Each structure stands twice: as C-alpha cells, then as structure tokens.
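Input: a single structure, listed below in structure tokens.
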Amino acid sequence: MRKAVSIVTLGLAAVTASMLMLAQRPAAPKTKAAFDAKGQLKRPEGYRRWVFLGAPLTPHGLNGGKAGFPEFHHVYVEENNLNAFLKTGSFPEGTVIVKELTRVLNPSFPDGSRNEPSGRGYFNGAFSGMDVTVKDSKRFSGTNNWGFFNFGHHALPYSDWAKESSKAECAGCHQSYVAKTDMTWVQFYPLLRDGDITK
Ligand code: HEC
30 MRKAVSIVTL GLAAVTASML MLAQRPAAPK TKAAFDAKGQ LKRPEGYRRW VFLGAPLTPH
90 GLNGGKAGFP EFHHVYVEEN NLNAFLKTGS FPEGTVIVKE LTRVLNPSFP DGSRNEPSGR
150 GYFNGAFSGM DVTVKDSKRF SGTNNWGFFN FGHHALPYSD WAKESSKAEC AGCHQSYVAK
210 TDMTWVQFYP LLRDGDITK
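Numbering (our numbering), first residue to last: 30 to 228.
Pasting the structure below:
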C-alpha cells in the first residue's frame with residue numbers, strides 16, 4: 030500500500046516538474062499564420078471576429094466606372110497584435126492582417142449607389158475577395174518583413190491556400206508608400222492612426 034502511494038507521489042512530482050519546465054520555456058510568438066512546406070499560407074479562420082480597423086471604399090462611380098477594387102475593404106487584426114501596435118507603433122512578429130472585400134449592395138444608379146432610408150449611398154453586399162499580410166522577418170526579409178497573399182477576388186468560397194504574391198503584385202506598392210508605418214496604411218484606420226480614445 031505504502032509503495033503504491035509513493036509511486037503516485039513520484040508520478041505527481043514528475044508531472045509538476047515537467048509543467049514548471051514548460052512554463053519556463055520562452056513563449057513562441059502567437060500567430061494565426063500556418064504555412065505548408067512550399068511556403069503557402071493557409072486561409073486564416075475566424076477573422077471576422079477580430080478587431081475591425083476600417084473599410085476603405087473606392088467605387089466605380091468615382092473611378093470612371095473602372096475601379097480596380099470597387100468594393101468595401103474590411104480590415105481586421107487580432108486584439109493582442111493591435112494592443113502591441115498601440116504601445117510600440119509596430120506590429121509583432123506573426124501578426125496577420127486580413128482585408129476582406131464586399132461588393133456594394135444591388136446598385137440602382139450607374140455609379141453603384143442606391144437609395145435607403147438613411148440616404149443615397151453604398152451598402153455592404155456579398156463577400157467578394159480576400160487579401161492577407163503576415164509579418165515574419167525571416168520568411169519575408171526581402172519585402173520589408175511582410176508577406177502578401179491573395180485568396181481570390183471573387184464570390185465565396187475563397188481558396189484554402191495561397192502562395193506568396195510577387196513584389197510587383199503587392200509588396201512593391203505598400204513599400205513605396207507605407208514602408209515607414211510597418212507596410213500598413215495606418216492613416217486610413219482611425220484606431221491605428223489616433224489610438225483608442227475610448228479608453
Ligand atoms: C497599387 C498599390 C497597391 C497594391 C499593388 C496592393 N495594395 Fe494592398 N493596399 C493598398 C492601399 C492603398 C490600401 C489601403 C486602402 C484600401 O484598402 O483601399 C491597401 C490595404 C491592404 C491591406 C489592409 C492592411 C493595410 O496594409 O492597410 C492588405 C491586407 C493588403 N492591402 C494586401 C495586399 C495584397 C495581398 C496585395 C497583392 C495581391 C496588395 N495589397 C496589393 C495599395 C496596394
């Protein structure tokens with residue numbers, strides 16, 4: 030009987046010791062970015078419940094009927110990475126930023142707008158595309174520490190995986206204009222630009 034107890038005690042001590050060792054290990058950076066062996070990014074999940082940063086809109090009506098992105102651009106980031114940005118002015122390693130597009134809702138005027146009780150304007154229609162940026166200074170040292178991925182510019186469903194887009198397709202433009210604000214258009218998102226004044 031006594032032997033059995035001591036085996037249990039020893040077992041518990043071993044478990045406690047290994048838990049302590051785990052706790053002492055430096056925490057791996059938290060990230061929602063998962064890559065396969067070819068460096069393709071898995072489509073992030075759950076992002077519509079991350080923090081919403083803003084929704085730039087560049088409709089056909091203001092771009093001669095030929096806007097490259099005639100949709101709302103909904104931008105999301107996880108709260109822990111937002112908090113770090115607000116403290117330090119740059120995003121931590123592993124940060125994922127999602128920009129999801131939605132069409133404008135059933136236009137009734139040639140400029141894409143429609144009348145609603147609140148006025149004539151643009152309202153959110155169907156989801157229509159997804160771009161993602163990931164901060165990883167090892168993988169993406171050639172493009173200012175950020176990787177760029179496109180999961181489709183069309184109605185749902187999007188691709189499950191995306192390969193890194195070329196510098197010409199994406200990073201080049203961000204690098205030309207917003208390299209100093211961590212490759213992100215901080216000036217368009219009130220929370221990043223002005224901070225959280227509600228706190
Ligand atoms: C010609 C310049 C240009 C190119 C090329 C470009 N972007 Fe952007 N990107 C912008 C601008 C401007 C914004 C912010 C305003 C907006 O969404 O209209 C933006 C915003 C974003 C955002 C939201 C976070 C942020 O940085 O503000 C993501 C994510 C993004 N782009 C990813 C991509 C990906 C992926 C590609 C390539 C498939 C790409 N971009 C190509 C100009 C560009």
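We treat Cβ as the ideally placed atom computed from N, Cα and C, and that holds for glycine.
Remember, it's a predicted structure, so these values are computed and weren't measured experimentally.
Residue 179 CB to nearest heavy atom of the ligand HEC below 7 Å: As a first step, residue 179 is located in the sequence shown; it is residue number 150 there, counting from the start. Yes, since a heavy atom of the ligand HEC falls inside the 7 Å radius drawn around the Cβ of residue 179.
Nearest residue (CA-CA) to residue 181, options 59, 204, 156 and 120: Reading the sequence shown from its first residue, position 152 is the one you call residue 181. With distances taken between Cα atoms, residue 181 lies closest to 156.
Contact under 8 Å by Cβ, residue 165 with residue 118: In the sequence shown, counting from the first residue as 1, residue 165 sits at position 136. In the sequence shown, counting from the first residue as 1, residue 118 sits at position 89. No.
Sub-8 Å separation of residue 89 and residue 128 beta-carbons: Taking the sequence shown and counting its residues from 1, the one referred to as residue 89 is at position 60. Taking the sequence shown and counting its residues from 1, the one referred to as residue 128 is at position 99. Not a contact, by the Cβ cut-off of 8 Å.
Straight-line Cα distance separating residue 100 from residue 132: Position 103 of the sequence shown, counted from the start, is the residue given in the question as residue 132. Position 71 of the sequence shown, counted from the start, is the residue given in the question as residue 100. Rounded to whole angstroms, residue 132 to residue 100 spans 5 Å at the Cα level.
Residue 81: CB within 7 Å of a non-hydrogen atom of the ligand HEC: Start at 1 with the first residue of the sequence shown, and residue 81 comes out as number 52. No, the beta carbon of residue 81 sits no closer than 7 Å to any heavy atom of the ligand HEC.
One or two residues paired with residue 214 in a DSSP bridge: Sequence index remark: in the sequence shown, residue 214 carries index 185 (1-based). Looking at the DSSP assignment, residue 214 forms no beta bridge with any residue, so it has no partner.
Identity of the residues DSSP links to residue 191 by a beta bridge: By one-based count along the sequence shown, residue 191 stands at place 162. Residue 191 is bridged to 70.
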